[in-house]
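Heads up: the structure comes next, in structure tokens.
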Amino acid sequence: MIRFAPLLLFLAVAHAQEKPADPLDPLRQKAEKAAVDWEALAKGLESRIATLLPCDPKSRAAVEEVSRASDARLSTLSAYIKAAAAKAKSDTDTAKRILAAQAAITGGWNTERDEAQEQQASIEAQVADLKESMRKRGSLSGAEQVLTEIATMVKARAAQAEERGGSREAINSLLGNLVVAYQDRQTALENESTLLDAEIARWNSYYIARVARAVTECSIINPGVAPAKKRP
Amino acid sequence: MRRACLFAAVALLCLAQRPRDDYRAAYKEWRQTDPNLEREATAGGAPVAQRADRMAAAAAKFAAARKAFLDGLAQEEEQQAAWLESAALNPATPEGTAASDQRFIATETTLVTRTMDTFANDPDRGIQQLRQALGRERMFLEALTPAIAQRKKAAEAVNASSVAIVQSCAKALEQSHAVLDSLKDAAAETDREAAAWAEYYRKLGEGAQGVATPITEALPGASPAVLSNPVPAPPTVTPLPLARYVGAWTFPTSNGMYHGTQPESFDVLVNEENGQATGTVFARFKLPSGGTGDPVLRFDFSGPFQPSQRQVFNLVTSEGAKGTIELIPGPAFNLLEVNFQTEAKPGKIRQADVLLVKK
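Sequences listed follow chains R and F, in order.
Position 218 (the first sequence) corresponds to 217 in numbering that gives the first Met the number 0; numbering is contiguous.
Position 208 (the second sequence) corresponds to 207 in numbering that gives the first Met the number 0; numbering is contiguous.
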């Protein structure tokens, strides 16, 4: 097993290198880190301020630190979702172009068939002329044999083009589904982005209320003195 | 970066629909070159062979144009398949944060509510202010719950669409590979047909030079066949038309075939007069990295054409080295293989084998 380990490692590295990097990865990682940071601060907030007096500047500073971490995680998430939505739009456009290109290629099989049939007719006329010439010059029989083979090849090509053209609807349908899936994704991401913007506004309102509570707690203990902001 | 390039390539290729004009024009030219060839082949002789050569050249030109068209389509299809593979690998599903948010809301709401309940019956004005502040806080916490739920639903829709994309990409990729195979088959078929046409015109030329069989059925008063282009045939001893050797030939700028040192350029001019060949070769070779030899080679050759397909002539290089050059007609009308060897001279290329195309 140990003997194969370097090979497996090499294959794993090679596979990882083959997979193209997702351009959204840096944004995703930033959003995930900001979310982890906020969660840690938010969970520890109550225990941090429990031992502080209500008017201790550290108390308000702790609440504001969590509020800033919340802003950071929501804004990085918003940036990520907006970038994902933009990429989804680009993907949708590319899928549409592929659909159009595929339609042109698959539609081209009908042209291939028509052209092959046209060539077939020309070759049949050539064969007829050559056979006529062979009556006077038998040494042309080798050429006639090859020309007949060519006629068979072109006939087979026409039949293949006909068959390939038959799969056009299936391909268009499959790619149509792909375009729809990309459009769905784009719509879902744009919707998520809009909803996140609304959610951000509510988180802001919540943290304003949370800071206001800290101010109130101080004011009822020490009327007329608001808990000062901690000097940086 | 690779994805970005892929996007650009797909975008450009898809915008430009590949035209069929080139090969259609070549086909028309081929068909119009000599429409009466087969009918008039009965006349026989070198003129028919020359006409067959011209048709072979036109057929080869058509085949090359059609092959370029099909290869171009296959290249586009490959790029589309690469995009589909890449898209299927990167669904880019965003990480959901709704679960931790909901836990946070639930914990905070419970805490706030418990504190409010503690102060519920306290008449102190300050405590009531605090209770009001807690009430506002709880209101905003409660307002977050449906917003988070809605966004969670939207995120689930994103994930669902990603699954659909991966599935659709896999199916589309399968079809794309099938289309690609078809295009490659069609290109290979074009090659086979091109070879068959070259063979046909070669046999037609050979057959026209064979002995005419007696006319077994002659209608009384039938007029003799008249050539549409009765060009007198030049005397030749070669089994193939002289046009297969004579003329200006060059090494193609891309995908050129060779043995030995790779040529950078290789130009041959072959002339014929009264059965005698004279010619010049001017070539430049790509020397290996660090090579100190002379990349340029020039020589002249001459000699009589022989009754064989391969023609061998003596050569003398510009440095005075002697040797031989062999001219071998290629598989198509417009191809000529050139194989030469010379005496050894310091720093000089002394042998090569290249496939040239007619200028």
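Beta carbons are placed, not taken as given, at the ideal position from N, Cα and C, and that holds for glycine.
- In summary, the residues of the stretch 174 to 189 of chain R whose CB is separated from some CB of chain F by less than 7 Å are Leu-174, Asn-176, Leu-177, Ala-180, Tyr-181, Asp-183, Arg-184, Ala-187, Leu-188, in the order they occur in the chain.
- For the stretch 130 to 150 of chain F, the set of residues with a beta-carbon nearer than 7 Å to any beta-carbon of chain R comprises Ala-132, Leu-133, Arg-135, Glu-136, Phe-139, Leu-140, Ala-142, Leu-143, Ala-146, Ile-147, Gln-149, Arg-150, in chain order.
- Note on the stretch 279 to 358 of chain F: there is no whole alpha helix (DSSP H) run with a minimum of 4 residues.
- Within the stretch 311 to 334 of chain F, not one residue has a Cβ closer than 9 Å to any Cβ of chain R.
- The alpha-carbon separation between Ala-185 (chain F) and Lys-66 (chain F) amounts to approximately 9 Å.
- Under the Cβ distance rule, Thr-112 (chain F) does not count among the residues neighbouring chain R, no pair being separated by less than 9 Å.
- Closer than 9 Å to the CB of Lys-170 (chain F) there is at least one CB belonging to chain R.
- Counting only Cβ-Cβ distances below 7 Å, Gln-125 (chain R) has contacts in chain F at Glu-37, in chain order.
- Note on geometry: alpha-carbon atoms of Ala-45 (chain F) and Pro-238 (chain F) lie some 10 Å from one another.
- In the structure shown, Thr-105 (chain R) falls within a helical segment according to DSSP collapsed to helix, strand and coil.
- Neighbourhood of Ala-41 (chain R) in chain F, by CB distance below 8 Å: Phe-103, in chain order.
- The beta carbons of Glu-318 (chain F) and Ile-327 (chain F) sit about 25 Å from each other, so the pair does not count as a contact at 8 Å.
- Contact of Tyr-26 (chain F) with chain R is assigned, a C-beta pair being separated by under 9 Å.
- Contact between Leu-188 (chain R) and Ile-80 (chain R) holds: their C-beta atoms lie close to 6 Å from each other, under 8 Å.
- By the neighbour-count criterion, in which a residue is buried when 16 or more other Cβ atoms sit within 10 angstroms of its Cβ, Ser-66 (chain R) is buried.
- Secondary structure note for Pro-145 (chain F): its alpha helix (DSSP H) is the uninterrupted segment 124 to 208.
- Shown here for Met-133 (chain R): same chain residues with a beta carbon closer than 7 Å to its own, the five before and five after excluded, namely Leu-139, Ser-140, Glu-143 in chain order.
- The beta carbon of Tyr-257 (chain F) lies closer than 6 Å to those of Val-353 in the same chain, with the five residues before and after it left out.
- When secondary structure is reduced to three states using DSSP, Pro-262 (chain F) falls in the strand class.
- By DSSP's assignment, Gln-159 (chain R) forms no beta bridge with any residue.
- The C-beta separation of Arg-135 (chain F) from Ala-208 (chain R) comes to about 5 Å, placing the pair in contact by the 8 Å criterion.
- For Gly-43 (chain F), the residues of chain R that pass the 7 Å Cβ criterion are Arg-136, in the order they occur in the chain.
- Look at Asn-35 (chain F) here: in three-state DSSP terms it is coil, with no helix or strand label.
- Judged by DSSP in its simplified three-state form, Thr-277 (chain F) adopts strand.
- For Gly-141 (chain R), the nearest beta carbon of chain F is closer than 9 Å to its own beta carbon.
- Rounded to whole angstroms, the Cβ separation of Glu-263 (chain F) and Lys-285 (chain F) is 5 Å, and the two are in contact under 8 Å.
- The Cβ atoms of Ala-146 (chain F) and Ala-197 (chain R) sit closer than 9 Å to each other.
- For Thr-249 (chain F), the enclosing beta strand (DSSP E) covers residues 246 to 249.
- At a cut-off of 9 Å between C-beta atoms, Arg-191 (chain F) counts as an interface residue with respect to chain R.
- Cβ neighbours of Pro-306 (chain F) within its own chain (closer than 8 Å, five residues either side excluded): Val-236, Thr-237, Pro-238.
- Using a CB distance below 8 Å, the part of the stretch 176 to 190 of chain F facing chain R consists of Ala-177, Val-178, Ser-181, Leu-182, Asp-184, Ala-185, Glu-188, ordered along the chain.
- Looking only at R:Ala-30, R:Ile-48, R:Lys-29, the smallest Cα-Cα distance to Arg-212 (chain R) is reached by R:Ile-48.
- Contact between Asp-128 (chain R) and Glu-37 (chain F) holds, with the beta-carbon distance rounding to 4 Å and staying under 8 Å.
- Nearest to Glu-63 (chain R) by alpha-carbon distance, out of R:Val-214, R:Ile-219, R:Asn-221, R:Ile-220, is R:Val-214.
- Between the alpha carbons of Phe-61 (chain F) and Gln-261 (chain F) lies a distance of about 28 Å.
- The C-beta distance from Ile-97 (chain R) to Leu-174 (chain R) rounds to 6 Å, short enough to fall under 8 Å.
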